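S.K.:
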Amino acid sequence: MAKLNNGRKAQYLTIDAFIAAMIVATTLVIVLAERASQPYTTQSELLSKGVSESLAQAKLIDLNNPLIVNLSLEGNITNLDNTVLQQATEFYLTQRKSQAFRMLQNVTQRLIDQKYSFRIIINGDLIYNRTLTSENTSVAVVSSRKIIFGVINKTALAYGPVIAEVTVWQ
Amino acid sequence: MNQAQPACIGKRGIFFTSIAVLISMVLVVTFASQHAVTTNDQIQLTQAKAESINSVVRELRHEYLPQAIYVATYNAFYAMAEYMRVRGRYFATDQIFNATLKEMVVNGTLCCSLPGSPVACADTLPGDVNDPSKHVGADVCLSSYVDPARLSVLKENNLTKKLSDFENASFRAYRVNTTFHKDYSNMVLQLYQDNWTGPWRLGVNITLNYSVFLRDMTINNSENISTIFSIEGIPDPLYLVESQKADEDMSGAPDGVLYRNFFNATNITMWNVSTLYLLTEWRTYKQDSNASSFLMRFYGKDERSPCCGVESIINPVAMPSVNGKIERPYIDWCYYGTGNRCTQQTTGYLWNVTCMTTEADGTQFFNLAIDTYHSLQYNLTTDAREYLYGAGPPPECPESPFPAT
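Protein chains in written order, with numbering that gives the first Met the number 0: chain A, 0 to 169; chain B, 0 to 404.
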């Protein structure tokens with residue numbers, strides 16, 4: 000009879016321990032799942048913001064880029080105080096999209112790591128696109144927008160405000 | 000004893016479960032006590048909103064508004080110069096000029112007294128000039144007199160349009176609502192030229208009220224936006240008005256031809272007969288404290304401006320109707336100025352310039368004359384060689400080559 004009691008006791012304790020383990024595990028799963036759902040900043044997000052900020056703030060004169068120098072000498076760029084996005088917008092609005100493409104291709108080559116895909120849209124039109132992986136299969140696609148405005152050739156012929164959008168994905 | 004045993008086992012049997020429940024409660028309490036994380040999230044959200052709003056305000060304050068004011072003011076001056084060309088007269092007073100300018104900058108409209116205007120308005124009457132109901136867009140007013148490309152620039156580049164464009168753009172780009180309080184009567188527009196701006200730049204101050212808001216976060220600002228810009232490229236009203244009403248043949252009736260000259264500062268700093276030649280040839284401007292300023296030329300005030308007076312030389316090749324019958328120095332404000340302030344005498348005061356003046360009509364700088372004051376300003380008498388002469392054929396030019404480069 001004592002043997003039976005000890006056996007039942009052990010059985011109860013085993014079941015008890017099992018239930019206890021289940022409770023702890025379930026609680027942990029719930030807690031960790033909640034934590035995992037918290038928003039986090041991806042590298043693409045930082046990169047997208049960084050790229051659009053750089054393109055919107057870096058002045059052509061500061062880039063020391065041979066293509067910019069050539070375009071300036073040829074008279075295609077008349078104001079080296081323009082930022083890269085301002086100049087791209089000026090090219091776009093003066094029907095010189097190919098020059099905007101060439102300039103953005105050249106400038107972003109050094110600026111953005113080759114493992115990232117990205118595109119630059121001005122006023123709803125695709126100006127430059129570098130696609131290494133499909134955007135649809137990407138785990139993180141991040142866009143950043145800037146308002147662009149300026150004057151053409153240091154005159155009072157103003158353009159903008161137009162919206163430039165930089166989208167980066169990996 | 001047998002009946003008591005299961006109860007004893009039962010109490011011990013939930014020992015682990017009890018411990019597990021306690022652990023779970025601790026975990027849940029720990030998790031639930033992540034108020035810090037939630038607050039952190041809220042702080043991050045608030046920070047993101049504040050960052051968005053701040054970046055819009057920064058962009059507005061430091062970049063967009065100064066540029067919008069520059070573009071609107073520059074185009075207002077351009078349109079007003081064109082209006083003066085067609086009208087053939089200056090703005091009647093500086094108050095009328097200022098009121099017209101303010102409305103042109105803010106709304107792109109003016110009191111239009113030109114034939115064909117859809118609304119009758121007398122631009123010499125302060126009542127009409129200050130009554131917006133009698134005003135029309137500059138593009139409408141000048142539609143028969145200015146090329147269409149310029150008209151669309153006039154239509155697009157006033158402050159109200161620029162502010163509306165930004166309101167739309169800030170919402171589309173950042174989902175941030177920007178609202179400008181476009182209360183025309185409360186906007187204060189100030190123009191100035193002083194020692195700091197110098198004669199080639201114009202300062203503009205305007206007070207603007209605006210709100211930027213994103214959900215529950217709002218910034219209300221009343222700001223005095225300042226910008227300084229170059230006047231280069233704007234047509235000189237002195238030429239536009241006076242050239243067409245000049246009495247070149249001294250018959251008593253105007254027979255002038257309309258000429259345009261655009262403000263463009265010379266980069267010459269050392270003056271001699273060669274650089275005077277280049278100034279005349281290139282039709283550029285130099286500073287002179289006795290000349291009238293850019294602003295004065297819009298309302299016909301022929302007075303000296305110590306900080307900001309500018310002058311150019313009338314070029315008889317580019318302006319062939321200037322035939323020498325009007326015996327005045329060929330400095331723009333001396334030749335066209337209503338005050339005739341340079342010299343009213345000729346002998347001993349008005350000079351031809353060796354190397355430049357010619358006697359044959361249609362040749363370079365035919366009958367070009369200069370007064371004693373300007374001969375000193377351009378260093379034509381400080382040299383051992385004298386470049387001035389009175390009547391008679393010009394002496395041989397002592398410079399070789401001329402103009403010296």
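The beta carbon of each residue, even a glycine, is placed where N, CA and C say it ideally should be. On a predicted model such as this, the values are computed, not experimentally measured, just so you know.
For B/K48 and A/P160, I'd like the C-alpha separation in whole angstroms.
M.R.: For B/K48 and A/P160, the distance between alpha carbons rounds to 22 Å.
S.K.: Answer yes or no: do B/C306 and B/F293 have a C-beta to C-beta separation smaller than 8 Å?
M.R.: No. Outside cutoff.
S.K.: Is B/N266 near the ligand ATP, in the sense that its beta carbon is under 7 Å from a heavy atom of that ligand?
M.R.: Ligands in the displayed structure: none, and consequently the ligand ATP is not present.
S.K.: Which residues in the same chain have their Cβ closer than 8 Å to the Cβ of B/M249, if we skip the five residues on either side of it in sequence?
M.R.: If we look at B/M249 and ignore the five residues flanking it on each side, its Cβ neighbours are K324, I325.
S.K.: Out of B/A148, B/A252, B/P234, B/P402, which one is the CA nearest neighbour of B/R259?
M.R.: The option with the nearest alpha carbon to B/R259 is B/P234.
S.K.: Comparing alpha-carbon positions, which option in B/L387, B/P315, B/T337 lies nearest B/G347?
M.R.: The shortest Cα separation from B/G347 among B/L387, B/P315, B/T337 belongs to B/L387.
S.K.: Hey, how far is the Cα of A/G6 from the Cα of A/I14?
M.R.: Straight-line Cα distance between these residues: approximately 12 Å.
S.K.: Which residues does DSSP pair with A/K145 in a beta bridge?
M.R.: A/A163, per the DSSP bridge assignment.
S.K.: Should the region 127-147 of chain B be regarded as contacting the region 327-336 of chain B, the criterion being three or more beta carbon pairs within less than 8 Å?
M.R.: No, because fewer than three Cβ pairs between the region 127-147 of chain B and the region 327-336 of chain B fall closer than 8 Å, the two stretches do not touch.
S.K.: Which same chain residues end up closer than 7 Å to B/N223 when comparing Cβ atoms and leaving out the 5 residues on each side of it in sequence?
M.R.: Excluding sequence neighbours, B/N223 sits near N204, T206.
S.K.: Can you pull the chain C neighbours of A/T77, defined as C-beta to C-beta under 7 Å?
M.R.: No chain C is part of this structure, whose protein chains are labelled A and B.
S.K.: Measure how close the beta-carbons of A/T88 and A/R118 come, nearest whole angstrom, since I'm counting them as under 8 Å.
M.R.: Actually they are not in contact, since the Cβ atoms of A/T88 and A/R118 sit about 15 Å apart, beyond 8 Å.
S.K.: Only counting the same chain, and skipping five residues up and downstream in sequence, which positions put a Cβ closer than 6 Å to that of B/E166?
M.R.: Only T177 meet the Cβ criterion.
S.K.: Quick one: using the 10 Å Cβ neighbour count with 16 as the cut-off for buried, is B/D287 buried or exposed?
M.R.: Under this definition B/D287 is a buried residue.
S.K.: Looking at C-beta atoms only, is the number of pairs between the region 60-68 of chain B and the region 140-154 of chain B that lie closer than 8 Å three or more?
M.R.: Output reads no: the region 140-154 of chain B does not touch the region 60-68 of chain B.
S.K.: Can A/Q104 and A/Y127 be called in contact, C-beta distance under 8 Å?
M.R.: Closer than 8 Å, so yes.
S.K.: Cutting at 6 Å between CB atoms, please list the residues of its own chain near B/G406, excluding the five before and the five after it.
M.R.: Lying outside 0 to 404, the shown extent of chain B, residue 406 of chain B is not represented and no answer is given.
S.K.: Taking B/Y69 as the reference, which of B/I230, B/F179, B/P402, B/V20 has the closest Cα?
M.R.: Comparing Cα positions, the closest option is B/I230.
S.K.: By a C-beta neighbour count over all protein chains shown, 10 Å radius and 16 as the cutoff for buried, is A/E134 buried or exposed?
M.R.: Burial call: exposed.
S.K.: Using the beta-carbon of each residue, which ones in chain A are nearer than 8 Å to B/G232?
M.R.: Simply T154, A155.
S.K.: Are the Cβ atoms of B/A245 and B/P253 separated by less than 8 Å?
M.R.: Yes, the Cβ-Cβ distance between B/A245 and B/P253 is below 8 Å.
S.K.: Rounded C-beta distance between B/S225 and B/I218? I'm assuming under 8 Å.
M.R.: In fact, because the Cβ distance is near 20 Å, the residues do not count as touching under 8 Å.
S.K.: Tell me the DSSP secondary structure of A/I111 in three-state form.
M.R.: Coil at A/I111, not helix or strand.
S.K.: Please confirm whether A/V165 has its beta-carbon closer than 8 Å to some beta-carbon of chain B.
M.R.: A/V165 does not count as touching chain B.
S.K.: Any C-beta of chain B sitting closer than 8 Å to the C-beta of A/D61?
M.R.: By this cut-off, A/D61 is not an interface position.
S.K.: Could you tell me which of B/T380, B/S399, B/T371, B/W350 sits nearest to B/P392, measuring between CA atoms?
M.R.: It is B/W350 whose Cα lies nearest to the Cα of B/P392.
S.K.: Residues of chain B with CB closer than 9 Å to the CB of A/I67, please, in chain order.
M.R.: Under the 9 Å cutoff, chain B gives no residues; its nearest Cβ is about 21 Å from A/I67.
S.K.: Can the beta-carbon of B/G87 be found closer than 8 Å to that of B/V256?
M.R.: Going by C-beta atoms, B/G87 is not nearer than 8 Å to B/V256.
S.K.: Do you know how far the Cα of B/P400 is from the Cα of B/L188?
M.R.: Taking the straight line from one Cα to the other gives about 51 Å.
S.K.: Going by other Cβ atoms of all chains shown within 10 Å of its Cβ, with 16 needed for buried, is B/D193 buried or exposed?
M.R.: Exposed: under 16 other Cβ atoms inside 10 Å.
S.K.: So A/T143 packs on A/K48, CB below 8 Å; how close in whole Å?
M.R.: In the sequence on display, residue 143 of chain A carries Ser and not Thr. Contact holds; Cβ gap of about 5 Å.
S.K.: What does the Cβ neighbour count give for A/P38, buried or exposed, with the cut at 16 atoms within 10 Å?
M.R.: Its pLDDT being 48, under 50, A/P38 is placed unreliably in this model, and the coordinates cannot settle the point.
S.K.: What does B/N156 reach in chain A if we use C-beta pairs closer than 8 Å?
M.R.: Result: A155, A157.
S.K.: If we define contact as Cβ-Cβ less than 8 Å, is A/T88 a contact residue for chain B?
M.R.: No, its Cβ sits nowhere closer than 8 Å to a Cβ of chain B.
S.K.: Can you check whether the C-beta of B/L26 is within less than 8 Å of a C-beta belonging to chain A?
M.R.: Yes - at least one Cβ of chain A is within 8 Å of the one on B/L26.
S.K.: For the region 123-193 of chain B, which segments carrying the alpha helix (DSSP H) assignment without a break, of at least 4 residues, lie completely within its bounds, in sequence order?
M.R.: For the region 123-193 of chain B, whole alpha helix (DSSP H) runs of length 4 or above, ordered along the chain, are 125-128, 137-140, 147-155, 158-173.
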